[in-house]
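Structure record follows, encoded as structure tokens.
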Amino acid sequence: MNFFRGVMGGQAAGPQPSGAETIQKLCDRVASSTLLEDRRDAVRALKSLSKKYRMEVGTQAMDHLINILQTDRSDSEILGYSLDTLYNLICNDEEEEQDESEDESAQKQADDLGALFTEKFIQDPEHVTLLLTLLEEFDFHVRWPGVKLLTALLKNQGPQIQGIILVSPMGVSRLMDLLADSREVIRNDGLLLLQQLTKSNAAIQKIVAFENAFERLLDIITEEGSSDGGIVVEDCLLLLLNLLKNNSSNQNFFKEGSYIQRMKPWFEVGDDNSGWSAQKVTNLHLMLQLVRVMVSPVNSPGATASCQKSMFQCGLLQQLCTILMATGVPADILTETINTVSEVIRGSQVNQDYFASVNAPSTPPRPAIVVLLMSMVNERQPFVLRCAVLYCFQCFLYKNQKGQGEIVATLLPSTIDANSISAGQLLCGGLFSADSLSNWCASVALAHALQDNLTQKEQLLRVQLATSMGNPPVSLLQQCTNILSQGDKIIRRGSKVQTRVGLLMLLCTWISNCPIAVTHFLHNQENVPFLTAQISENLGEDERLVQGLCALLLGICIYYNDNSLENNTKEKLKQLIEKRIGKENFVEKLGFIAKHELYSRAAQKPQPVFSSPEQMLFDHEFTKLVKELEGVITKAVHKSSEEEKKEEEVKKTLEQHDNIVTQYKELIREQDAQIQELKEKVATMSSQNEQLQATLTQQLSQIQQHKDQYNILKLKLGKENQSQSNSQTDGSQVNGLQTEELTQLREQLEELRMQHAVLQKQLDNKDALINTLRSEAEQTADGSAGGSESTELLKELEALRSQVQSQSTEINQLNTERQELLRRAEAGSPDAVPCSDSSLDTNKMVELESRLSAQTTETQKLKEENKRLSQSQADLEQQLASVTSTVAILQTEKAQLQTEVQESKKEQDDLLMLLADQDQKILSLKQRLKSLGETVEDEDDLDARDPTDDEDEDEDDDED
Numbered sequence: 001m002n003f004f005r006g007v008m009g010g011q012a013a014g015p016q017p018s019g020a021e022t023i024q025k026l027c028d029r030v031a032s033s034t035l036l037e038d039r040r041d042a043v044r045a046l047k048s049l050s051k052k053y054r055m056e057v058g059t060q061a062m063d064h065l066i067n068i069l070q071t072d073r074s075d076s077e078i079l080g081y082s083l084d085t086l087y088n089l090i091c092n093d094e095e096e097e098q099d100e101s102e103d104e105s106a107q108k109q110a111d112d113l114g115a116l117f118t119e120k121f122i123q124d125p126e127h128v129t130l131l132l133t134l135l136e137e138f139d140f141h142v143r144w145p146g147v148k149l150l151t152a153l154l155k156n157q158g159p160q161i162q163g164i165i166l167v168s169p170m171g172v173s174r175l176m177d178l179l180a181d182s183r184e185v186i187r188n189d190g191l192l193l194l195q196q197l198t199k200s201n202a203a204i205q206k207i208v209a210f211e212n213a214f215e216r217l218l219d220i221i222t223e224e225g226s227s228d229g230g231i232v233v234e235d236c237l238l239l240l241l242n243l244l245k246n247n248s249s250n251q252n253f254f255k256e257g258s259y260i261q262r263m264k265p266w267f268e269v270g271d272d273n274s275g276w277s278a279q280k281v282t283n284l285h286l287m288l289q290l291v292r293v294m295v296s297p298v299n300s301p302g303a304t305a306s307c308q309k310s311m312f313q314c315g316l317l318q319q320l321c322t323i324l325m326a327t328g329v330p331a332d333i334l335t336e337t338i339n340t341v342s343e344v345i346r347g348s349q350v351n352q353d354y355f356a357s358v359n360a361p362s363t364p365p366r367p368a369i370v371v372l373l374m375s376m377v378n379e380r381q382p383f384v385l386r387c388a389v390l391y392c393f394q395c396f397l398y399k400n401q402k403g404q405g406e407i408v409a410t411l412l413p414s415t416i417d418a419n420s421i422s423a424g425q426l427l428c429g430g431l432f433s434a435d436s437l438s439n440w441c442a443s444v445a446l447a448h449a450l451q452d453n454l455t456q457k458e459q460l461l462r463v464q465l466a467t468s469m470g471n472p473p474v475s476l477l478q479q480c481t482n483i484l485s486q487g488d489k490i491i492r493r494g495s496k497v498q499t500r501v502g503l504l505m506l507l508c509t510w511i512s513n514c515p516i517a518v519t520h521f522l523h524n525q526e527n528v529p530f531l532t533a534q535i536s537e538n539l540g541e542d543e544r545l546v547q548g549l550c551a552l553l554l555g556i557c558i559y560y561n562d563n564s565l566e567n568n569t570k571e572k573l574k575q576l577i578e579k580r581i582g583k584e585n586f587v588e589k590l591g592f593i594a595k596h597e598l599y600s601r602a603a604q605k606p607q608p609v610f611s612s613p614e615q616m617l618f619d620h621e622f623t624k625l626v627k628e629l630e631g632v633i634t635k636a637v638h639k640s641s642e643e644e645k646k647e648e649e650v651k652k653t654l655e656q657h658d659n660i661v662t663q664y665k666e667l668i669r670e671q672d673a674q675i676q677e678l679k680e681k682v683a684t685m686s687s688q689n690e691q692l693q694a695t696l697t698q699q700l701s702q703i704q705q706h707k708d709q710y711n712i713l714k715l716k717l718g719k720e721n722q723s724q725s726n727s728q729t730d731g732s733q734v735n736g737l738q739t740e741e742l743t744q745l746r747e748q749l750e751e752l753r754m755q756h757a758v759l760q761k762q763l764d765n766k767d768a769l770i771n772t773l774r775s776e777a778e779q780t781a782d783g784s785a786g787g788s789e790s791t792e793l794l795k796e797l798e799a800l801r802s803q804v805q806s807q808s809t810e811i812n813q814l815n816t817e818r819q820e821l822l823r824r825a826e827a828g829s830p831d832a833v834p835c836s837d838s839s840l841d842t843n844k845m846v847e848l849e850s851r852l853s854a855q856t857t858e859t860q861k862l863k864e865e866n867k868r869l870s871q872s873q874a875d876l877e878q879q880l881a882s883v884t885s886t887v888a889i890l891q892t893e894k895a896q897l898q899t900e901v902q903e904s905k906k907e908q909d910d911l912l913m914l915l916a917d918q919d920q921k922i923l924s925l926k927q928r929l930k931s932l933g934e935t936v937e938d939e940d941d942l943d944a945r946d947p948t949d950d951e952d953e954d955e956d957d958d959e960d
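Heads up: the sequence shown at position 395 corresponds to 395 in the UniProt record's numbering, and the numbers run straight through without jumps.
Here is the structure:
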């Protein structure tokens with residue numbers, strides 16, 4: 001152990017060995033020692049020397065360290081020392097203070113060492129596979145240095161390491177497990193590792209995405225506090241950007257997984273925007289970039305439109321607009337938010353309509369577009385902010401004819417409101433201001449309001465401007481040309497190249513593909529001489545661009561000229577070019593536009609990105625216009641009148657041919673539609689045919705069953721005239737059933753009539769008895785001074801009378817129900833005989849007999865019909881079915897009538913019970929009257945009493 005004390009700085013006697021010798025001895029000990037403890041101590045010593053003697057340790061010990069990783073897998077401590085040593089050899093980003101004397105060459109030498117040792121390590125791809133296997137170890141001392149080592153390898157030789165990991169079984173999955181580690185330091189370094197792994201490798205990006213990376217990263221961002229989180233949130237966002245940028249597959253997966261909706265809470269910054277830490281600004285900036293990746297103009301139109309729709313539906317666009325109009329937001333965040341909103345609404349009509357409805361929280365509220373334009377034409381605002389506002393305005397008008405119309409409408413005389421600031425007023429103010437950048441921005445913004453919109457180009461010709469007191473108003477087109485051509489203060493104010501380029505771009509966009517605007521432009525006699533003079537002069541380098549734009553404007557006047565002005569027809573303008581400029585010179589000046597270095601930069605992407613205001617010369621949409629018109633204008637200038645006539649004839653012929661082709665195409669489309677419709681009909685009819693075939697098969701089967709049943713019936717009923725006998729038997733059965741039902745109904749009605757007569761008689765007797773008792777009670781009440789009991793008796797008698805009357809009403813209802821029962825019986829059975837309340841009179845009997853006779857005649861007809869139908873088996877089956885149905889109906893009606901009769905009987909029984917109760921009450925009243933000393937006669941005595949006696953009693957009462 002004295003040897004190790006000497007290496008580690010002990011006080012051993014004798015001369016100290018050099019660093020290279022010490023490292024050699026340690027490497028020998030690692031290779032030859034049989035004890036694990038000795039090898040572990042030697043590797044620990046190499047780790048401590050690896051930073052100072054990086055070259056020596058790397059060249060002598062790397063193979064031994066890799067061998068340790070392969071052989072000593074059971075000891076986590078020695079594995080950790082080996083991984084740390086390898087990391088010190090390969091990593092170039094050590095956070096150590098370097099001496100001031102160390103120059104860049106020393107740093108370059110260190111970087112070269114890292115690359116050298118990385119190359120040595122990955123010479124055998126199995127070493128990287130071994131490292132991936134070690135990452136499965138849960139021990140912290142193994143997993144953490146393994147993550148750092150693999151990250152350093154990816155930094156030095158990213159593509160090679162990515163290729164090895166890609167072909168390694170479960171290689172990416174093992175690295176994705178790092179995000180699920182409960183130890184934050186490993187999880188956070190795992191994020192850095194995945195950042196390096198996913199750089200510029202679409203295949204690995206897809207694998208990582210489908211390993212549920214989006215879900216895990218979004219969960220980590222939420223746990224760490226979203227935009228208020230720390231550096232971990234920044235790392236997650238950087239990894240998300242790696243996965244989504246320029247990867248349409250991952251973008252579609254992100255959208256389909258509903259992860260866009262989870263981005264909305266990131267931008268809920270709250271009302272208090274005073275405290276914005278540097279980390280929060282960085283996080284929010286990356287979040288906005290992530291949104292822009294999903295809706296970038298370079299993506300496919302379908303994918304961009306789908307993401308824009310999702311952002312509107314989940315409220316993300318609304319949240320961004322809230323930040324846009326909030327106060328206290330840092331300038332760089334506000335600028336990036338404007339750019340983000342721009343791309344979210346670009347080309348999406350729904351999002352553009354929503355943005356047009358957003359108002360700033362001011363008094364009075366102003367549209368967000370107006371507030372942004374105020375910043376764009378304000379020269380005191382930051383340059384990047386003004387560029388962002390211009391881009392937002394361009395995106396708002398991109399493929400938005402409705403928005404273009406609204407902007408142009410604010411310039412028309414009929415819609416100008418003097419009490420409010422409109423977008424049109426701001427654009428005009430910027431167009432003619434003293435700031436050349438405001439001139440250029442306003443010109444480009446107004447040009448976008450006219451892009452591919454012939455209607456608005458014609459409407460803008462109506463705009464009139466008041467130049468000065470006492471002078472008549474001039475059109476906006478005339479004022480733009482005046483700035484370019486006149487020699488007063490206007491030209492000195494607009495003499496800068498940037499101003500003239502902006503105005504020329506506006507004029508070219510305005511009159512292109514609009515013959516009416518061309519006519520208005522040529523109507524001013526000073527415009528053409530000014531353009532020819534500008535093109536023919538030999539000016540400096542800065543003026544060449546203006547000359548090229550003037551040539552483009554003059555070429556547009558030729559190409560879109562409808563020859564409505566005699567002095568400025570196509571032919572005369574070409575002759576003027578040939579005499580004053582020269583065709584070759586004209587084409588050369590026209591070519592200056594595309595050759596300008598800023599032209600190609602502007603043509604790359606729609607967003608205006610410039611390092612300084614002086615570089616703002618070209619607009620992206622204008623470069624498309626130049627590319628479209630440069631060739632056709634060159635041809636138009638070189639063509640003679642005869643060639644033009646021939647070309648027009650060819651064009652007419654082609655148009656006619658195109659019309660014929662169009663007609664045939666329409667005819668083919670119609671025929672295709674008809675064929676498709678016929679195919680659908682054939683498919684429908686085939687389906688119906690199959691259904692009918694199935695139905696026919698079922699019917700044939702049923703017919704066969706009926707045939708079998710018919711044959712059985714024929715055998716049962718006899719051999720002679722079997723079909724006729726069958727019909728007669730059915731008819732007789734029906735008639736027998738009907739006659740039996742009629743007899744039963746007659747008996748039941750007779751019983752009901754007799755019961756009704758008895759009940760009526762009993763009611764009459766009870767009424768007479770009650771009247772008698774009432775008269776006696778009144779007499780008793782008159783003769784007695786203290787007749788309170790008689791009064792009570794009288795009240796009871798009154799109540800009894802009321803009850804009797806109600807019972808009489810119930811009996812009348814019972815009679816009505818009985819009448820209804822008879823009517824229903826008559827209506828339900830055509831052979832039933834209707835009966836009256838009293839009896840079945842002779843007429844009814846005669847009618848019954850006649851109906852029975854008619855039934856007999858009808859039966860005879862049915863017999864004859866059955867004889868005819870016996871020739872057709874199908875008709876016979878139908879007749880049998882009809883007879884069977886009639887029998888079933890009659891049986892059903894019979895059951896209903898029996899039920900109603902039973903109910904009637906039950907009601908009569910209840911009525912009899914009520915009458916019995918009434919008799920009992922009358923008896924009790926008689927007993928009470930007798931107890932009071934009154935003479936009460938029984939019913940039999942009252943019935944036997946002579947009516948003359950009643951008259952005598954009445955006379956006696958009168959005498960009294």
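Beta carbons: idealized from backbone N, C-alpha and C, even for Gly.
Note that the coordinates shown come from a computational prediction; the quantities given were computed from them, not determined experimentally.
Whose C-beta lies closer than 6 Å to the C-beta of Ile220 among residues of the same chain, with five residues either side of it excluded?
Cys236
Between Gln196, Trp144, Leu385 and Leu178, which lies nearest to Phe610 when the distance is taken from Cα to Cα?
Leu385
Whole angstroms is fine: what's the gap from Gln607's alpha carbon to Asn400's?
17 Å
In the DSSP assignment, find the unbroken alpha helix (DSSP H) run with Asp41 in it and report its ends.
Leu36 to Leu49
Gln464 (DSSP reduced to helix, strand or coil):
strand
Starting from the Cα of Glu614, find the closest Cα among Leu598, Gln702 and Leu914 and give me that residue.
Leu598
Which one of Gly328, Ser600 and Leu317 has the shortest CA to CA distance from Gly275?
Gly328
Whole-angstrom distance between Thr133 and Pro125, CA atom to CA atom
13 Å
Rounded to a whole number of angstroms, what is the C-alpha to C-alpha distance between Ala673 and Gln381?
59 Å
Do the CB positions of Val377 and Ser436 come within less than 9 Å of each other?
no
Taking 8 Å as the cut-off, does the CB of Ala673 come closer than this to any heavy atom belonging to the ligand GDP?
The ligand GDP is not part of this structure, which contains no ligands at all.
State the DSSP-derived secondary structure class of Asn92, mapped to helix, strand or coil.
coil
Is Val474 helix, strand or coil when you go by DSSP?
strand
Option in Thr532, Arg39 and Leu46 with minimal Cα separation from Ala20
Leu46
Beta-carbon spacing of Asn156, Ala202 below 9 Å
no
Glu343 versus Pro364: straight-line alpha-carbon distance, rounded:
28 Å
Return helix, strand or coil for residue 965, following the three-state DSSP convention.
This structure leaves residue 965 out entirely; the chain is present only between 1 and 960.
Give every residue of the same chain whose Cβ lies closer than 6 Å to the Cβ of Leu411, excluding the five residues on either side of it in the sequence, and list them in chain order.
Gly424 and Val463
Cα-Cα separation between Gly828 and Leu713, rounded to whole angstroms:
With a pLDDT of only 45 at Gly828, under the threshold of 50, the placement of this residue in the model should not be trusted; the figure read from the coordinates follows. Cα-Cα distance, rounded: 30 Å.
Comparing C-alpha positions only, which one of Gln251, Glu406, Leu915 and Gly933 sits nearest to Ser357?
Glu406
Indicate the three-state DSSP secondary structure (helix, strand or coil) for Ala360 in the structure shown.
strand
Could I get the ranges of all uninterrupted alpha helix (DSSP H) runs contained in the stretch 183 to 250, with 4 residues as the minimum, in chain order?
184 to 197, 202 to 208, 214 to 223 and 231 to 244
Thinking just about the alpha-carbon of each residue, which of Leu86, Leu135 and Phe138 is nearest to the one in Ala115?
Leu86
Straight-line gap, Lys280 to Tyr354 (C-alpha atoms, nearest Å)
28 Å
Taking C-beta to C-beta, are Thr509 and Gln451 nearer than 9 Å?
yes
If you follow the alpha helix (DSSP H) that Asp28 is in, where does it begin and where does it stop?
Gly19 to Ser32
Are the beta-carbon atoms belonging to Arg174 and Glu136 less than 9 Å from one another?
yes
Among Ala768, Gln251, Glu268 and Gln318, the one whose alpha carbon lies nearest that of Pro301:
Gln251
Delimiting residues of the alpha helix (DSSP H) encompassing Thr129
Pro125 to Leu134
Do Thr481 and Pro473 have their C-beta atoms within less than 9 Å of each other?
no
Just verifying my parser: in three-state terms, what is the DSSP assignment at Arg73?
coil
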